[in-house]
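As given, the protein sequences belong to chains A and B, one line each in that order. Using this note's numbering, read the first sequence as starting at 327 and increasing by one per residue. Using this note's numbering, read the second sequence as starting at -12 and increasing by one per residue. Beta carbons are placed, not taken as given, at the ideal position from N, Cα and C, and that holds for glycine. Below: one structure, written as structure tokens.
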Amino acid sequence: MTINAQNKSYSSPALEFKSTMFSVPVLGVASDDLVLIEQLLNEKIKLAPEFFKHSPVILDFQEVNKKQLTIAIEAVVAVIRKAGLFAVGVRGGSDLQHQQAIELGIAVTANTEIKAELPKTPKIITAPKDDAQASDDSTTVLITKPIRSGQRIYSHGDLIVLAQVGAGAEILAEGNIHVYGTLRGRALAGVQGNAEARIFCSDLQAELISIAGHYKISDDIQGAISNTPIQIYLQKNALVIKPIA
Amino acid sequence: MARIIVVTSGKGGVGKTTTSAAISMGLAKKGHKTVVIDFDVGLRNLDLIMGCERRVVYDIINVINEEASLNQALIKDKNCNLLSILPASQTRNKDALTQEGVGKILEELSKEFKYIVCDSPAGIEQGAHLAMYFADDAFIVTNPEVSSVRDSDRILGLLSSKSQRAEKNEEPIKEYLILTRYAPERVKSGEMLSLDDVQDILSLDLLGVIPESKSVLTASNSGNPVILDEKSDAGQAYGDIVARYLGETRPHRFIEGKKGLFRKLFGGG
Ligand SMILES: Nc1ncnc2c1ncn2[C@@H]1O[C@H](COP(=O)(O)OP(=O)(O)OP(=O)(O)O)[C@@H](O)[C@H]1O
Ligand SMILES: [Mg+2]
């Protein structure tokens, strides 16, 4: 995936900022040994050559700086380039490193990160108590009773529903959504832009499904496999609905 | 302590009042002191079905506004002296029902009665909200059609979020399904949802299935709850429901169609 592929149509106006979010792999640099870095990088690429081909990456220098090792940005960027990747951003570096990055035409990105935190103990909520229920942290929310029409459940992390989700109900999660009953309502995963989020359900009859803002309504879903466990994920900005093999 | 039962549905005309009248009579006939309250302010008709419309002097709004005492407003049933009726007002605005007022009435009734049956109006407005707010048990009356099932699902959502038990984080309201106006022949021909279709969506404890029956209309025209017509299928079905609610196990009936004479004689099916 190259960045150019994002701008397919050139209709007027000649220039337009689109606030499309897309994810870029972050490469954490933890050593100053360039040979080792190159070797590890090539091993990783071998695992998924297509995925990494011409992929943009962001270099994170936080670890290497923590260890008080000095490393020249230019050298790392050269290694990356040799492996067929494009360094498009740098973060977690020293002021000097950030300066060097800008001179190389590489952006300095903010050091904030949507952390893929390991799920802590799930928060157990037997019955959905309130119309707009939210967990106060990014822990998993577990619902054990049917979610009825008109109810709305929000999770800052993953959302697991052990019962059905009725037509006219709405479930939202910043992370993944798992529904072990029939999903008849609306399910929106990755609502804060996490394009890696997925929806899993045992019987898909949803009114709407969405991941990171890309959605399908029931008319588009119809004909998709009902009554089989399925997963839904984003691939090249399109929702893919597939049985869980 | 009294047990407060709300008979509710969301959708209108599905058989809430018919059911409220039948089960309150059934509970009283089984020896439990019972009161049935009409929450349908402006469209009262529980008193018609109970056959006491001519004895209505005061109503629930008068009691809330302290224009009458509870005892003045309660009407003793003509068939069973363990049963009382608290009628709704036909003339008042439905906003006259207040949560505080209803709470007070229920608290006072709780001292005297074993079961309090609340006949909810259709919809999800104030009247329906107050009928369910204080409930311990909910009888969800549903017809075998998509819109009715959907509305029931909506009501179930409100029961588990907007009731006193939910707000106080107490044990949730116990929810039961009563499937009414069921016609097995029309289920077979695909005109109606089957019990399984309905349960697929609602997954509730089934109290019973009430068949579509002419006896219901006959009963309400005569002002006697259909449960008193022990020969009728609907009357028997309501009898089963009361017995099951009180803890008896009875096999479910009226789910399969009547067997024709040929089948009865030669078996099969
Ligand atoms: N099992 C049944 N068989 C045939 N007719 C029925 C049955 N149950 C109810 N009815 C009829 O359906 C109509 C509506 O019944 P009822 O008044 O009990 O419904 P409701 O839910 O209380 O209505 P509302 O929402 O207006 O308060 C009445 O005419 C009644 O006679
Ligand atoms: Mg009614």
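Ignore the nearest five residues each way along the sequence and tell me which others in residue 244 of chain B's own chain have a CB closer than 6 angstroms to its CB.
171 and 172
So what does DSSP say about residue 361 of chain A, is it helix, strand or coil?
helix
Alpha-carbon spacing of residue 73 of chain B relative to residue 53 of chain B, whole angstroms:
15 angstroms
Output yes or no for whether 8 angstroms exceeds the beta carbon distance between residue 567 of chain A and residue 547 of chain A.
yes
List, in order along the chain, the chain B residues whose C-beta lies closer than 7 angstroms to that of residue 475 of chain A?
137, 140, 141 and 144
Note down, in chain order, all residues in the stretch 468 to 494 of chain A with a beta-carbon under 9 angstroms from any beta-carbon belonging to chain B.
471, 472, 473, 474, 475, 476, 477, 489, 490, 492, 493 and 494
Kindly indicate the opening and closing residues of the alpha helix (DSSP H) around residue 388 of chain A.
388 to 392
List the residues of chain A that residue 165 of chain B touches, going by C-beta distances under 7 angstroms, in chain order.
Here the premise fails: no neighbours, minimum Cβ distance about 17 angstroms.
With H, G and I counted as helix, E and B as strand and the rest as coil, what does DSSP make of residue 256 of chain B?
Legend: pLDDT at residue 256 of chain B = 39, less than 50; position of this residue unreliable, no value from coordinates given.
Let's test the definition: count the other Cβ atoms within 10 Å of the Cβ of residue 223 of chain B and tell me whether it reaches 16, buried, or not, exposed.
buried
Span of the beta strand (DSSP E) holding residue 125 of chain B?
124 to 129
Can you give the Cα-Cα distance for residue 61 of chain B and residue -7 of chain B, rounded to whole angstroms?
18 angstroms
Skipping 5 residues on each side, what residues in its chain have a beta carbon closer than 6 angstroms to that of residue 399 of chain A?
423, 426 and 427
Report all residues from its chain with a CB closer than 8 angstroms to the CB of residue -12 of chain B; omit the five preceding and five following residues, and keep chain order.
97
Going along the chain, which residues of its own chain have a beta-carbon closer than 6 angstroms to the beta-carbon of residue 8 of chain B, five neighbours each way excluded?
36, 37 and 212
Are at least three pairs of beta-carbons, each pair with one atom in the stretch 476 to 484 of chain A and one in the stretch 492 to 504 of chain A, less than 8 angstroms apart?
yes
What whole-angstrom Cβ distance do residue 403 of chain A and residue 432 of chain A have, given they're in contact under 8 angstroms?
7 angstroms
Can you tell me which of the three DSSP states residue 226 of chain B falls into?
helix
Could you name the residues whose beta carbon sits closer than 6 angstroms to any heavy atom belonging to ligand 1, keeping them in chain order?
B/-4, B/-1, B/0, B/1, B/2, B/3, B/4, B/5, B/27, B/108, B/109, B/167, B/168, B/197, B/199, B/200, B/203, B/204, B/207 and B/221
Taking Cβ positions only, does residue 188 of chain B come closer than 8 angstroms to chain A?
yes
For residue 139 of chain B, does the three-state DSSP call read helix, strand or coil?
helix
Along the chain, where does the alpha helix (DSSP H) that runs through residue 213 of chain B open and close?
Where residue 213 of chain B is concerned, there is no enclosing alpha helix (DSSP H), given that its DSSP letter is neither H nor E.
Out of curiosity, what's the CA-to-CA distance linking residue 555 of chain A and residue 564 of chain A?
20 angstroms
Just mark residue -4 of chain B as buried or exposed, buried being the case when its beta carbon has 16 or more other beta carbons within 10 Å.
buried
Closest by C-alpha distance to residue 409 of chain A, when choosing among A/416, A/393, A/429 and A/368
A/368
Going by DSSP, name the residue or residues bridged to residue 415 of chain A.
A/384 and A/433
Kindly indicate which residue of B/231, B/15, B/42 and B/221 has the alpha-carbon position closest to the one of residue 67 of chain B.
B/15
Can we count residue 106 of chain B as close to ligand 2, meaning its CB is less than 7 angstroms from some heavy atom?
yes
Cα-Cα separation, residue 18 of chain B to residue 69 of chain B
7 angstroms
Which residue comes first and which comes last in the beta strand (DSSP E) that contains residue 564 of chain A?
564 to 569
What are the boundary residues of the alpha helix (DSSP H) that residue 90 of chain B is part of?
86 to 99
Pick out whichever of B/234, B/64, B/107 and B/82 has its Cα sitting closest to the Cα of residue 2 of chain B.
B/107
Quick test of the definition: if touching needs 3 or more C-beta pairs under 8 angstroms, does the stretch 510 to 517 of chain A touch the stretch 528 to 538 of chain A?
yes
Give a yes or no on whether the minimum CB-CB distance between residue 555 of chain A and chain B is below 8 angstroms.
no
Ordered along the chain, which non-local residues of its own chain (more than five positions away) have a Cβ less than 7 angstroms from that of residue 134 of chain B?
-2
Apart from the five residues on each side of it in sequence, which residues of its chain come closer than 6 angstroms, Cβ to Cβ, to residue -10 of chain B?
102 and 123
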